[in-house]
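Enquirer: Going by this note's numbering, the first residue of the sequence shown is number 10, and it counts up by one from there. Positions of the beta carbon are idealized from the N, C-alpha and C atoms, including for glycine.
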Amino acid sequence: MPPRMFADLHSHPTLYGFNRMRNTAAEGDAARFHPWSQHNEDLEHLKKGKRASAYSQADVAKLTASRCRLTFASITPIEKGFLLVTPQMKNSFTSEALKLATGATLVRSGAKLFFDGSANAIYELSGILRNQGPVRQALQKGMMRYPLARIKHMQTPSFDYWEEFHKEYNFWKSKDGVRQEVDSPTAGRISGCYHMIDTEEKLHAVIEDDAAGELAMVMTIEGAHTFSMGPDDEPLPDEVILSRIQELKELPAPIFFLTLAHHFDNGICGHAHSIPDAGYVVLDQTRRMHEGLEKRDDFGARVVRELLALDENLEDNGSRRILIDCKHMSARSRKEYYEKIIRPANEKLAEGEPALPVILSHAGYSGVGTLDEMIANTKQEDDYWHIGAYYAWNLNFCDDDIRMVHETDGVFGVCLDQRVAGVLPKQKVHPEQWIHVLMQQILGVVDVIMLDDRYSPEEKVKIWDCVGLGTDYDGMIDPMSRYPTTLELDLLAMDLHDALEAISHTRMIEKVGVENIVEKICWKNAWNLVRRHFKYACR
10 MPPRMFADLH SHPTLYGFNR MRNTAAEGDA ARFHPWSQHN EDLEHLKKGK
60 RASAYSQADV AKLTASRCRL TFASITPIEK GFLLVTPQMK NSFTSEALKL
110 ATGATLVRSG AKLFFDGSAN AIYELSGILR NQGPVRQALQ KGMMRYPLAR
160 IKHMQTPSFD YWEEFHKEYN FWKSKDGVRQ EVDSPTAGRI SGCYHMIDTE
210 EKLHAVIEDD AAGELAMVMT IEGAHTFSMG PDDEPLPDEV ILSRIQELKE
260 LPAPIFFLTL AHHFDNGICG HAHSIPDAGY VVLDQTRRMH EGLEKRDDFG
310 ARVVRELLAL DENLEDNGSR RILIDCKHMS ARSRKEYYEK IIRPANEKLA
360 EGEPALPVIL SHAGYSGVGT LDEMIANTKQ EDDYWHIGAY YAWNLNFCDD
410 DIRMVHETDG VFGVCLDQRV AGVLPKQKVH PEQWIHVLMQ QILGVVDVIM
460 LDDRYSPEEK VKIWDCVGLG TDYDGMIDPM SRYPTTLELD LLAMDLHDAL
510 EAISHTRMIE KVGVENIVEK ICWKNAWNLV RRHFKYACR
């Protein structure tokens, strides 16, 4: 039997709809501009489980139909690095068009192919894309499937992350607590009601309510750029960043955790390499990539302390707490975060207080042993940099990270993106093999603890309390094609049950129970995380 509900540690339920209506006539129509609105979807794309830019994976109608009752709803303003050209890459559309028309680009590309290799030849050939011209706009429209008006706005100086965050937050508020009925092209006729969780009482009331279609939305943010970077994509003054953190803490429905880094520089911490090889032709994420916490005046650590409600002595200052999600942080940033903040702060906890948890909300296991190895290996990160079945980039997590999750009662949300889960470029996976890809991730994490003799059996078995689902649905991922949307979570749970039964004689699975483990992974571990810590987010 599938579990009675699901929890998703990381998805973007409004990203698909919000960006298709923002900067269009629909934005001025209150009857349309809200999270329940339904939009055109490429159903053939969906059936084949292709990249989810042409269909929604986790809008509120699908979440309702799938019994995903607890969703950690991530707001993430699209980074300018995906849309604008960095100073290192900027060139003139007119000059590039002339070079193409006269054949100069082909000659230069041929020379690069002969002397420097295919990668540099392709880079030369694609110069027309590295500017804000119409070709780049058409490329972005085709990839993101956003209206051209939205693309053009995001490429202007008036596109501001802080403003976009508040617009999307208010987009959520527009139907908070209001029951709706919609006709979904994939889920059918749906009646439901979502609640932006603002108190412990509401959290428990929604989860414990057996009424159909009641959804608990715990609000999160992906990327500190939301409050740290200005419209010019440069870090804001320190005092502005710190004042915005205080504003975040005053929101009626609090931010439970913040995915500190994302794909580009945020002026606070280094980010992990995340863009595949082909992306470097039009994207540049090198500024502060692989670096640690911002060292100037210890500012990176200061921001983290402010978010976690810690004073300079790493003691609780009594303000609202926004937990840190380590996904997208560079290996160096994570190492410094654990050493400077997590370990010493947890040593100072008052008796009975839960540990500050290490959260990996939509994660992949890397097969790497230590953070030091990850730091040393960054120059090897190309599309084929794998260790065994695992994607070994420092975007993913190593044994050191897993031990920190385990020791702090944190959580590892297994991401359903193919690349993150270790699938090689152009690798064909039979539909019935996707559960084995998922199990490789789960068992990779579990075995870090099970095979470590420094832990007692009683400690080892607790790793089953640290694994959940962090799908990254509607984050424009290439999903495991057997589970392209939240509507397939029942199928995933049944596949997971059968796969665990087949190996139940190992890893203390019989001791815990297969059905118990399925329930833990599918919702209970995420529920326990928020149940332990939400009171600090709304105090």
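Taking the runs of the beta strand (DSSP E) that are 3 residues or longer, which of them lie wholly in the region 452-495?
Expert: 476-478
Enquirer: Look up F81 in the DSSP assignment and say whether it is helix, strand or coil.
Expert: strand
Enquirer: In whole angstroms, what is the alpha-carbon distance linking M98 and L24?
Expert: Bear in mind that the predicted position of M98 carries a pLDDT of just 46, short of 50, making it unreliable; the figure below should be weighed with that in mind. Their Cα atoms are separated by approximately 28 Å.
Enquirer: Roughly how many angstroms separate the alpha carbons of H246 and I264, rounded to a whole number?
Expert: Contrary to the premise, residue 246 reads as Pro rather than His in this sequence. Spanning the two alpha carbons is a distance of roughly 22 Å.
Enquirer: Hey, S167 and T495 are a contact pair by Cβ (cut 8 Å); roughly how many whole angstroms apart?
Expert: With 8 Å as the limit, S167 and T495 do not qualify as a contact, their Cβ atoms being about 34 Å apart.
Enquirer: Apart from the five residues on each side of it in sequence, which residues of its chain come closer than 7 Å, Cβ to Cβ, to V414?
Expert: If the five residues before and after V414 are omitted, its C-beta is found closer than 7 Å to the C-beta atoms of V367, L369, V420, F421 and C475, all from its own chain and listed in chain order.
Enquirer: According to DSSP, which residues form a beta bridge with P244?
Expert: Beta-bridge analysis with DSSP links P244 to M238.
Enquirer: Helix, strand or coil for A16? Go by DSSP, reduced to three states.
Expert: Looking at A16 - three-state DSSP - the assignment turns out to be strand.
Enquirer: Given a threshold of 16 other Cβ atoms within 10 Å of its Cβ, counted over all protein chains shown, does I137 qualify as buried or as exposed?
Expert: Because the pLDDT of I137 is 43, which lies under 50, any placement of that residue in the model is unreliable, and the question is left without a value.
Enquirer: At 3 residues or longer, what runs of the beta strand (DSSP E) sit wholly inside the region 321-364?
Expert: 332-334
Enquirer: Within 10 Å of its beta-carbon, does Y178 have 16 or more other beta-carbons around it, so buried, or fewer, so exposed?
Expert: buried
Enquirer: Indicate the three-state DSSP secondary structure (helix, strand or coil) for R46 in the structure shown.
Expert: Here the sequence assigns Ser to residue 46, which means Arg is not the residue at that position. Here S46 sits in coil by DSSP.
Enquirer: Quick check: L267 and E324, are their CB atoms within less than 9 Å of each other?
Expert: no
Enquirer: Buried or exposed for Q255, going by 16 or more other Cβ atoms inside 10 Å?
Expert: Taking every protein chain shown into account, the CB of Q255 has fewer than 16 other CB atoms within 10 angstroms, so this residue is exposed.
Enquirer: I need the boundaries of the beta strand (DSSP E) containing S370, first residue and last residue.
Expert: Per DSSP, S370 belongs to the beta strand (DSSP E) from I368 to A372.
Enquirer: Is the beta carbon of M238 less than 9 Å from the beta carbon of G276?
Expert: yes
Enquirer: Grab the span of the alpha helix (DSSP H) containing M383 for me, first residue to last.
Expert: L380 to A385
Enquirer: For L52, count neighbouring Cβ atoms within 10 angstroms of its own Cβ and tell me buried if that reaches 16, exposed if not.
Expert: exposed
Enquirer: Would you check if the region 313-329 and the region 350-368 touch, i.e. whether three or more CB-CB distances between them fall below 8 Å?
Expert: yes
Enquirer: What's the call for P440, buried or exposed, on a 16-neighbour Cβ count within 10 Å?
Expert: exposed
Enquirer: In this structure, does DSSP put V187 in helix, strand or coil?
Expert: coil
Enquirer: Here's the rule: buried if 16 or more other CB atoms are within 10 angstroms of the residue's CB, otherwise exposed. What is V94?
Expert: Bear in mind that the predicted position of V94 carries a pLDDT of just 49, short of 50, making it too unreliable to give a figure here.
Enquirer: Going by beta-carbon coordinates alone, are F42 and F180 separated by less than 9 Å?
Expert: yes
Enquirer: Who are the near neighbours of L72 in its chain, counting only those whose CB is closer than 7 Å to its CB and skipping five residues on each side?
Expert: P22, T80, L224 and T495
Enquirer: So, with DSSP's three-state summary, where would you put G276?
Expert: coil
Enquirer: Using DSSP with H/G/I as helix, E/B as strand and the rest coil, what is D178?
Expert: The residue asked about is misnamed: residue 178 is Tyr in this sequence, not Asp. Three-state result, Y178: helix.
Enquirer: For a test of the three-state rule: what should DSSP assign to F91, helix, strand or coil?
Expert: helix
Enquirer: Can you give me the start and stop residues for the alpha helix (DSSP H) that T73 sits inside?
Expert: V69 to S75
Enquirer: Do R29 and P156 have their C-beta atoms closer together than 9 Å?
Expert: yes
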